């Protein structure tokens, strides 16, 4: 037999590696930002167009590269971060594999400009699909500027798998947040389609969180600080009352590297045990410092998963540190009957010096003079004429007589009941035709047998068609609020609300103003209680961020689905007889009563024959 194993060409091997490293535009953003940090940059700019599909550019003022390094950086497994295998367990940099630039250059048009501080001129390299088109000397400032254009231009199938610009931009912003939160000592800026999205100056960790998520975030944070031989924990957790239904604001950083860990996340959740509502998740921004030799980062292409030597110890330390902070700052309730919270010393005053209280004396005080005045007042009071108690009963007899006469003249309606020609119909109406089972299903009878309806899915279908009709006809009924409702959101959430503002107004919402960090609402749809508005908008934003668009995708359809899901009757809610009948009638008045908006069955039928077979 002939030999069948052969080495793959470099451009094929690069595209295979690109499938691991570059999954979407956000992956490119992550790799380029981390390279800029490793280069010792103090200022980093990210420029994005069309959610990274057209352009991703990262500009930094780091140390730059020489002519040889600039060319060699696009070769596979060429890196300045490590030298030997032992260096993998002493990592102090973001990158170490040397695959990122080679993988990106294999599937995009890349233009690199770089210059070191001691050089007079820099170098520019243009690469298209792993092929070096040009390399020349250029005038450029110190640092590196790398532009990635036309991502996946030579892999159209991969480009077709990308989601909508809104979803892809959200992933890019998430990666930007992860890098910016890990390095508050570096200035970051982000521009999307020519407009500034973020401008984050050098600051402390708390201020960096506030700059990203809005000024309202400052009052939600509880500091966490614990220093042990094994682990050093610093950062913040969110107060329980501000917990969200989504897991958006959950950040773990190990040695300034963002990670995902379901195990450590469970430690935080257990620390909040008993403080959170069902279905909500706590926010946290925690930095963990551990010995690099006790962790293994090289287990996943995206480097977001880390293997710890002793996970159980980290779990216990993290849980106790968060629990201690919640108790120390009076977030968690304390069962102490002898403790008086009014006597607690505020934390702001613990380190302040105490001063002896000053004593003020009123030298004009004369107790004898006060006594004289009070006696005078008492005498004056006694001189007031007092009405005789007998006067209270004068004329009472005549008043009583008059009252009796008045009552005798009052005419009352006859209490006799008259027969009704519709009395028989009322008796028919009292016959119950629907029943609620386990506060989840509505059971109704039909000619052929029995009908079982899922009340939550059925109500979703009803509301979905109502909202679609309102948004299409644009004649939704709105109820005015007595006081305007002020809701605070992050910058990227406000952008999504602005995109959906017109459709929201067609459903009945009335906005009096939308600022950079807040929304003011003066009117809501008739079916929406005021307390549910913030929950509906948060759910809507989450659905828009995670929605996978298809050929039938539209913002109107997504908005109707999201609002129907938020407002539908929940499982476990008890319904009265007339409510059950109304739900059944409304469901079968819909255009598609068989399925919910998410294409799940709303009801099932069981014929008499099927029931008979059960008793054989």
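Numbering (the numbering used here), first residue to last: 734 to 1349.
By construction, the Cβ of each residue, glycine as well, lies at the ideal position given by its N, Cα and C atoms.
Just so we're clear, the structure is a prediction, and the values are computed from it rather than from any experiment.
TODO: With a threshold of 16 other CB atoms inside 10 Å of the CB of residue 851, please say whether the residue is buried or exposed.
DONE: Taking all protein chains in view, the Cβ of residue 851 is surrounded by fewer than 16 other Cβ atoms within 10 Å, so the residue is classified as exposed.
Open item on the list: So, for residue 1107: in the same chain, excluding its five sequence neighbours on each side, which residues have a beta-carbon less than 6 Å away from its beta-carbon?
Closed with: In this prediction, residue 1107 has a pLDDT of 46, which is less than 50 and means its spatial position is unreliable; nothing more can be read from the coordinates.
TODO: Determine the extent of the alpha helix (DSSP H) in which residue 959 is found, giving its start and end residues.
DONE: Not the alpha helix (DSSP H): residue 959 falls in the beta strand (DSSP E), residues 954–960.
Task: Selected residue, minimal CA-CA separation from residue 1001, among 1213, 1039, 957 - done: For residue 1001, the closest C-alpha among the options 1213, 1039, 957 is that of 957.
Open item on the list: Looking at residue 1266: is its Cβ nearer than 8 Å to the Cβ of residue 1300?
Closed with: No, they are not a contact pair.
Open item on the list: Tell me the residue span of the beta strand (DSSP E) that contains residue 975.
Closed with: Unbroken run through residue 975: none, as it is neither H nor E.
TODO: Kindly list the residues whose CB is nearer than 7 Å to the CB of residue 808, restricted to its own chain and excluding five residues on each side of it in sequence; keep chain order.
DONE: Same-chain partners within the cutoff: 835.
Open item on the list: Quick check on residue 1005: buried or exposed, where buried means 16 or more other Cβ atoms within 10 Å of its Cβ?
Closed with: When all chains shown are included, residue 1005 counts as buried.
Open item on the list: Measuring alpha carbon to alpha carbon, tell me which residue in 950, 1334, 942 is nearest residue 912.
Closed with: When only C-alpha atoms are compared, the closest one is 942.
Open item on the list: What would DSSP say about residue 994, mapped onto helix, strand or coil?
Closed with: Residue 994 falls in the coil class under three-state DSSP.
Open item on the list: DSSP three-state label for residue 1013, please.
Closed with: DSSP places residue 1013 in the coil class of the three-state scheme, outside both helix and strand.
Task: Whole runs of the beta strand (DSSP E) within the stretch 906–945, excluding any shorter than 3 residues - done: Runs of the beta strand (DSSP E) inside the stretch 906–945: 920–925, 928–933.
Open item on the list: Looking at residue 1050: is its Cβ nearer than 8 Å to the Cβ of residue 963?
Closed with: Yes, Cβ-Cβ distance for residue 1050 and residue 963 is below 8 Å.
Open item on the list: Here's the rule: buried if 16 or more other CB atoms are within 10 angstroms of the residue's CB, otherwise exposed. What is residue 1210?
Closed with: In summary, residue 1210 is exposed, with fewer than 16 beta-carbon neighbours lying within 10 Å of its beta-carbon over all protein chains present.
Open item on the list: Along the chain, where does the alpha helix (DSSP H) containing residue 768 start, and where does it finish?
Closed with: 758–771 is the span of the alpha helix (DSSP H), which, as asked, contains residue 768.
Open item on the list: Can you list, in chain order, the residues of its chain with a C-beta nearer than 6 Å to that of residue 796? Leave out the 5 residues immediately preceding and following it.
Closed with: Around residue 796: 772, 773.
Task: Every unbroken alpha helix (DSSP H) inside the stretch 1183–1214 [4 residues or more] - done: Correct list: 1188–1206.
TODO: Count the C-beta pairs between the stretch 900–915 and the stretch 979–987 that are closer than 8 Å, then say yes if the count reaches three, no if not.
DONE: Counting Cβ pairs under 8 Å, three or more are found: they touch.
Task: the stretch 889–897 touching the stretch 858–869, judged by at least three CB pairs closer than 8 Å - done: Taking 8 Å as the limit for Cβ pairs, the verdict is that the stretch 858–869 does not touch the stretch 889–897.
Open item on the list: Our contact map puts residue 1201 next to residue 1322 with C-beta atoms below 8 Å; I'd like the distance itself, whole angstroms only.
Closed with: Not a contact, Cβ separation roughly 14 Å.
- [ ] Report all residues from its chain with a CB closer than 6 Å to the CB of residue 1188; omit the five preceding and five following residues, and keep chain order.
- [x] Correct list, in chain order: 1175, 1302.
Open item on the list: Which residue marks the beginning of the alpha helix (DSSP H) containing residue 889, and which one marks its end?
Closed with: Secondary structure note for residue 889: its alpha helix (DSSP H) is the uninterrupted segment 889–893.
TODO: Would you kindly report the start and end of the unbroken alpha helix (DSSP H) that includes residue 1056?
DONE: It spans 1044–1061 - the alpha helix (DSSP H) in which residue 1056 sits, taken as one unbroken run.
Open item on the list: Determine, for residue 1263, whether the minimum Cβ-Cβ distance to residues of chain C falls below 8 Å.
Closed with: The structure shown contains no chain C; it holds only a single protein chain.
Task: Between the CA atoms of residue 1093 and residue 1113 - distance to the nearest angstrom - done: Since pLDDT at residue 1113 reaches only 44, below the 50 mark, its modelled position is unreliable, and the value read off the structure follows with that caveat. CA-to-CA, the gap between residue 1113 and residue 1093 works out to about 34 Å.
TODO: May I ask you to report which of helix, strand or coil DSSP gives residue 1272?
DONE: Residue 1272 falls in the helix class under three-state DSSP.
Open item on the list: Which residues does DSSP list as the beta-bridge partners of residue 793?
Closed with: Per DSSP, the beta bridge partners of residue 793 are 777, 877.
- [ ] Have a look at residue 1338 and residue 1325 and give me their C-alpha separation to the nearest angstrom.
- [x] Cα to Cα, the separation comes out at about 16 Å.
Task: Through-space distance from residue 1204 to residue 1314, alpha-carbon basis - done: Each residue's Cα considered, the two are about 27 Å apart.
Open item on the list: For the beta strand (DSSP E) containing residue 1337, name the first residue and the last one.
Closed with: From DSSP, the beta strand (DSSP E) with residue 1337 extends over 1336–1340.
Task: First and last residue of the uninterrupted alpha helix (DSSP H) at residue 1313 - done: Residue 1313: member of the alpha helix (DSSP H) spanning 1310–1320, first to last residue.
Task: Cβ contact check for the stretch 1252–1260 and the stretch 1216–1233: 3 or more pairs under 8 Å - done: Three or more beta-carbon pairs separated by less than 8 Å link the stretch 1252–1260 to the stretch 1216–1233, which places the two stretches in contact.
Open item on the list: Classify residue 1206: buried if its beta carbon has 16 or more other beta carbons within 10 angstroms, exposed otherwise.
Closed with: Exposed, since its Cβ has fewer than 16 Cβ neighbours within 10 Å.
Task: Proximity winner among 1240, 935, 905, 873, relative to residue 775 (alpha-carbon distances) - done: Measuring from the Cα of residue 775, the nearest candidate turns out to be 935.
Task: Same chain, Cβ closer than 6 Å to residue 951, neighbours up to 5 away in sequence not counted - done: Around residue 951: 943.
TODO: Can you tell me which of the three DSSP states residue 968 falls into?
DONE: Strand.
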